[in-house]
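Enquirer: My numbering numbers the first residue of the sequence shown as 18 and each following residue consecutively. Before we start, here is the structure in question, set down as structure tokens.
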Amino acid sequence: MIPYIQVLYRSLACHEDFHPSDLDILRRSIKFNAAHGITGLLLRIDEQFFQVLHGPEAEVDALVARIAVDPRHKYMEVLLREEAPVETPFGNWSMAYDALMGFEQNLGLEDDGHYPEITPVRAHDLIALFAKTSTSVDAYGSAFPYSRFPGEEDGAYLERLDGLA
18 MIPYIQVLYR SLACHEDFHP SDLDILRRSI KFNAAHGITG LLLRIDEQFF
68 QVLHGPEAEV DALVARIAVD PRHKYMEVLL REEAPVETPF GNWSMAYDAL
118 MGFEQNLGLE DDGHYPEITP VRAHDLIALF AKTSTSVDAY GSAFPYSRFP
168 GEEDGAYLER LDGLA
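Here it is in structure tokens:
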């Protein structure tokens, strides 16, 4: 049996929220992830990216290595990498996108200019929150640009995003 993993990382985006580079990341992710059995969610939280990826270990590790050198973000920090069940918490989504405000989950910049430490326990809580977010977006949609419409499958989502590019 192929081992599956999940990875949670955060990084600092090089562009403002909803910049065209976010759309490019999302469109490429949908295509790549679908072809490699990877699912996940990319969140913009203030000026940060948080992303959780789930899939076959070799595929996810290779993707994380590619993401680490992507010039559209910096200061990538892997918060959690662990074995995972084959069943994904992100349904049939190869990739989804949404946004949260940092203060909502105490993830924003602190008064001392640093981002909060994310312990392994907190990382698990965030993965559960992100999975719940994806379920909510799938059922009800989101007001944020580039998010999926309720029940929107990868093909229709990608077609709509291609129209925005």
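Here a beta-carbon is modelled for each residue, glycine too, at the ideal position from N, C-alpha and C.
Since F107 and S151 should fall inside the 8 Å C-beta cutoff, what is the C-beta to C-beta distance between them, to a whole number of angstroms?
Expert: 5 Å
Enquirer: Check for me: the alpha helix (DSSP H) holding A116 runs from which residue to which?
Expert: Unbroken run through A116 is the beta strand (DSSP E), 113 to 117; no alpha helix (DSSP H).
Enquirer: Can you name the start and end residues of the beta strand (DSSP E) that Y132 belongs to?
Expert: Y132 -> no beta strand (DSSP E), and no H or E assigned at all.
Enquirer: Which two residues bound the contiguous alpha helix (DSSP H) that contains I84?
Expert: 74 to 85
Enquirer: Looking at the structure shown, is S164 part of a helix, part of a strand, or coil, going by DSSP?
Expert: S164: coil per DSSP, three-state reduction.
Enquirer: Is it true that the CB of E94 sits closer than 9 Å to the CB of S164?
Expert: Going by C-beta atoms, S164 is not nearer than 9 Å to E94.
Enquirer: Find the nearest neighbour of E169 within the set Q68, W110, D142, A140, judged by alpha-carbon distance.
Expert: W110
Enquirer: From L124 to H32, what distance separates their C-alpha atoms?
Expert: 18 Å
Enquirer: What span of residues does the alpha helix (DSSP H) with I47 cover, start to end?
Expert: 37 to 53
Enquirer: Determine, using beta-carbon pairs with one atom in the region 78 to 87 and one in the region 124 to 133, whether at least three such pairs fall under 8 Å.
Expert: no
Enquirer: Within a Cβ cutoff of 6 Å, which residues of the same chain sit near I19, ignoring the five residues on either side of it in sequence?
Expert: P73
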